Amino acid sequence: MKRKEILRKYEARPDNLLYILHDIQDASPYNYVTEEDMEEIADFLDLPYSKVYGTATFYSMISQKPRGKHVIRLCDSPPCHLMGSESILDLLRDELGIDVGQTTPDMLFTLEITSCLGVCGVAPAMMIDEEVYGNLNPKKLRKIIKDYREGII
Amino acid sequence: MAHRMNVLVCSGASCISNNSLKVKEALLAEIERLDLKREIKVIETGCMGPCQLGPVLLVYPDETLYKKVQVADVREIVEQHFLKGRPVERLMYKSPLTDELVHKSRDVDYFKKQYKIVLANCGSIDPESLDEYIAVGGYEALGKALTEMNPDSVLDEIKISGLRGRGGGGFPTHLKWMFTKNEKSKEKYVICNADEGDPGAFMDRSVIEGDPHTLIEGMAIAGYVVGASKGYIYVRAEYPLAIERLEKAIAQAKETGFLGENIFQTDFSFDLEVRVGAGAFVCGEETALIHSIEGKRGTPRPRPPYPSASGVWGKPTVLNNVETYANVRHIILNGGAWMAKIGTETSKGTKVFALSGTIKNTGLAEVPMGTTIRELIYDIGGGAPEGHEIKAVQLGGPSGGCVTPEYFDTPIDYESLTALGAMMGSGGVIAMDETACMVNTAKFFLDFTCFESCGKCVPCRVGLKQMYGILDKITKGEGEEEDIEALETLGKTIKATALCGLGQTAPNPVLSTIKFFRHEYEEHIFEKKCRALVCKDLISYEINKDACKACTLCAQKCPVDAIKGERGVVHEIQQEKCISCGNCYDVCPFGAVMRLSGEN
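Residue numbers (the numbering used here), protein chains in the order written: chain G, 4 to 156; chain D, 539 to 1138.
Okay, structure coming up:
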């Protein structure tokens, strides 16, 4: 069981909680942490379940519901907004057929909005999983999505 | 063996997002193909600064700067320049003023007015190579502090230098260190706040990605002064590359003995750990950050006690941001008096600014304190794109405020910006031209802080929401006379009563836009007009009958069939049906669709 292996890597210290949540989420094929995950983490760290749940739900990058294989995070901070992130968002909605916070039926993509990605110099920008894409325009965006769909990236 | 040529490939996140790593691969392949491996060295560096030119290559010894290099350009560069000595002019930087080629990178306008201390190594060394860091004097400052100085004399130098916190508040660094040093505790901590959440600020990311050892060295020196043997660097999860390079650098430092037990054979031991956030802006606030390091919800708590007395695990903790620590080694090597000579009366040294928005040259620029806003956004940033004019710059992100052109000659320091109603913040500079609606911009910032509010205190949780509601009403054309006053009252109350820095500064963008752009608020409220043509509900579309060629394209794209007309018959928009989506405006090839606001 993956969860046990992940927990074994850590010392049972409460400050490891966020790391463990990240790790378990990354290992999940659907990019999220389940109730059972949180229960087991609580046992492992000897914390009340409510503490684990509290931390997991506080941070926007930890999800409690299944997400797609690839998580698209479109930057919606002011520099990106000024440079047209809104029309990029419209295009993403169109291209994927989903709204923000939703996942495509084939479980390939989840669309999210993120605060600043720190690449304001190449706004508008987005991050897919851990890859950052800047200077987005419709053509570039379509190509990136296509490459992910075809498994090239 | 020395190489005939060094090719530096910018591998900051911005250039990587534009394919710089593929360019590097192509360079290596081409160099291999032509058997130049022994002559030419390709080096991945951190951010060089001019993001809008990326991917950027810098070729030494010629100092040729290539911009916007793509994989397809690589063969030409290698064959023509590296082999035959003829730089590829079409990829070189041209001065926007004279349109002439700039042959040496140092003559590029963007770099000329800069003074690099913090960013000195960013873009010039391989961030993953400890040897390169040592070759430029790396860890000499730590060695000097540990073997030739004592904690008091190090602290003295920091005091003389006048270094103040670069994360926003501008609190004197030596005081923070002294408070922690004076606490009696066996266990103390050094924390680096690398949770750079301010939209429009990306200097901390660049320092970590481009020169991670500088941060490690600065923190170790802080540890020596305050008597801490353990440190944490809290990095936001949105910066995977920074985390990767930092972890590598820490491992190298441990292996070589710059971190760990008995550093430089002294009694001083210091260890560092990276902690990763998970997407919460409020964690940039120091007490929230400490909670997050402890694995808790990242909510702030009232101060005092300050972290210097009770920080992580309730122990005395010194907490600074990346840029502050990055200054430390230079102060130790050159002396505090050296830095005190740079800058203004109250603000010493340099500050890194991140230029973004509607400005020609986006990217990072490090300038001495006291440089004027005008020099920063025109001489370095190049001003607005052709045909546009900058009407305001937002300084300090969602905690800061906007500054208008009549104040652009203000020399930048902590006090002068605060006096203008803006703040240094972390150094984000977002330029806005006439296409930005200031009411909408303020609403946008507030939307951000509302979303990021942790919800712990009422002024921030409820008050910001109320302010947002009023702004939303105004941008929808439903504003009323008393709204501006209500915004001001709410804003001032929230500033005075919120628990932490997030809430205390969140009303700033609204208050400063009211101060400088009151007329735009009044136009929205009384004339139902948005001069920037941004607020959808205040815009109507009409077809200019003289320009319309009756092609039906707009009618086809109209989602609500609001456009009358057919081929050969000039079109007309039925206002009662129109939802102001703007499709017709976007598709008309003849520019016949007009956007209007406040004209009826």
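Every residue gets a Cβ at the ideal spot worked out from N, C-alpha and C, and that includes glycine.
None of these values were measured; they are calculated from a predicted model.
- Residue-level contact check: residue 776 of chain D touches chain G, since one or more beta carbons of chain G fall below 9 Å from its beta carbon.
- Cα atoms of residue 9 of chain G and residue 31 of chain G: separation of roughly 11 Å, rounded to the nearest angstrom.
- For residue 675 of chain D, same chain residues with a beta-carbon under 7 Å away, outside a window of 5 residues either side, are 871 in chain order.
- In the DSSP annotation of this structure, residue 646 of chain D is not part of any beta strand (DSSP E), being labelled neither H nor E.
- One Cα belongs to residue 1039 of chain D, the other to residue 823 of chain D, and the distance between them is close to 7 Å.
- If you draw a straight line from the Cα of residue 814 of chain D to the Cα of residue 636 of chain D, it comes to about 47 Å.
- Excluding its 5 nearest sequence neighbours in each direction, residue 716 of chain D has C-beta neighbours in its own chain below 7 Å: 693, listed in chain order.
- Here residue 948 of chain D is actually not in contact with residue 973 of chain D; their C-beta atoms are around 25 Å apart, not less than 8 Å.
- If you draw a 10 Å sphere on the C-beta of residue 925 of chain D, you find fewer than 16 other C-beta atoms in it, and that means exposed.
- Judged by pairs of C-beta atoms under 8 Å, the region 877-897 of chain D does not touch the region 773-787 of chain D, as fewer than three such pairs exist.
- Under the Cβ distance rule, residue 61 of chain G counts among the residues neighbouring chain D, one pair being separated by less than 9 Å.
- Looking at the DSSP output, residue 1078 of chain D bridges to D:1134.
- Scanning D:1124, D:1125, D:1097 and D:1130 for the CA closest to the CA of residue 1110 of chain D turns up D:1130.
- Beta-bridge partners of residue 888 of chain D (DSSP): D:906.
- With fewer than 16 neighbouring CB atoms inside 10 Å of its own CB, residue 155 of chain G falls in the exposed class.
- It is roughly 9 Å from the alpha-carbon of residue 930 of chain D to the alpha-carbon of residue 946 of chain D.
- For a cut-off of 8 Å, the C-beta gap from residue 900 of chain D to residue 124 of chain G is around 4 Å, short enough to register as a contact.
- Apart from the 5 residues on each side of it in sequence, residue 788 of chain D sits with its Cβ closer than 6 Å to the Cβ of 810 in its chain, given in chain order.
- What residue 135 of chain G touches in chain D, judged by beta-carbon distance under 7 Å, is 551, 554 and 555, going in chain order.
- Using a Cβ distance threshold of 9 Å, residue 771 of chain D and residue 757 of chain D count as a contacting pair.
- If you keep only unbroken alpha helix (DSSP H) runs of at least 4 residues inside the region 797-866 of chain D, you get 824-831.
- From the beta-carbon of residue 36 of chain G, no residue of chain D is found nearer than 7 Å; the closest lies around 11 Å away.
- The Cβ atoms of residue 734 of chain D and residue 121 of chain G lie closer than 9 Å to each other.
- Around residue 40 of chain G, no beta-carbon contact reaches into chain D at under 9 Å, the shortest distance being about 15 Å.
- Counting of Cβ neighbours within 10 angstroms places residue 638 of chain D among the exposed residues, the total staying below 16.
- For residue 1043 of chain D, there is no enclosing beta strand (DSSP E); the residue is found in the alpha helix (DSSP H) stretching over 1039-1043.
- Note: residue 1102 of chain D is bridge-paired with D:1110 in the DSSP secondary-structure output.
- The beta-carbon of residue 138 of chain G is placed less than 9 Å from the nearest beta-carbon of chain D.
- DSSP, reduced to helix, strand and coil, places residue 626 of chain D outside both helices and strands of the structure shown, so it counts as coil.
- In this structure residue 696 of chain D is buried. Its beta-carbon is surrounded by 16 or more other beta-carbon atoms within 10 angstroms.
- Spanning the alpha carbons of residue 627 of chain D and residue 619 of chain D requires a straight line of approximately 10 Å.
- The three-state secondary structure of residue 946 of chain D, taken from DSSP, is coil.
- The three-state secondary structure of residue 115 of chain G, taken from DSSP, is strand.
- Note on geometry: alpha-carbon atoms of residue 54 of chain G and residue 45 of chain G lie some 8 Å from one another.
- The beta carbon of residue 1120 of chain D sits closer than 6 Å to none of the beta carbons in its chain outside the five residues before and after it.
- Residue pairing for residue 777 of chain D: DSSP places it in no beta bridge.
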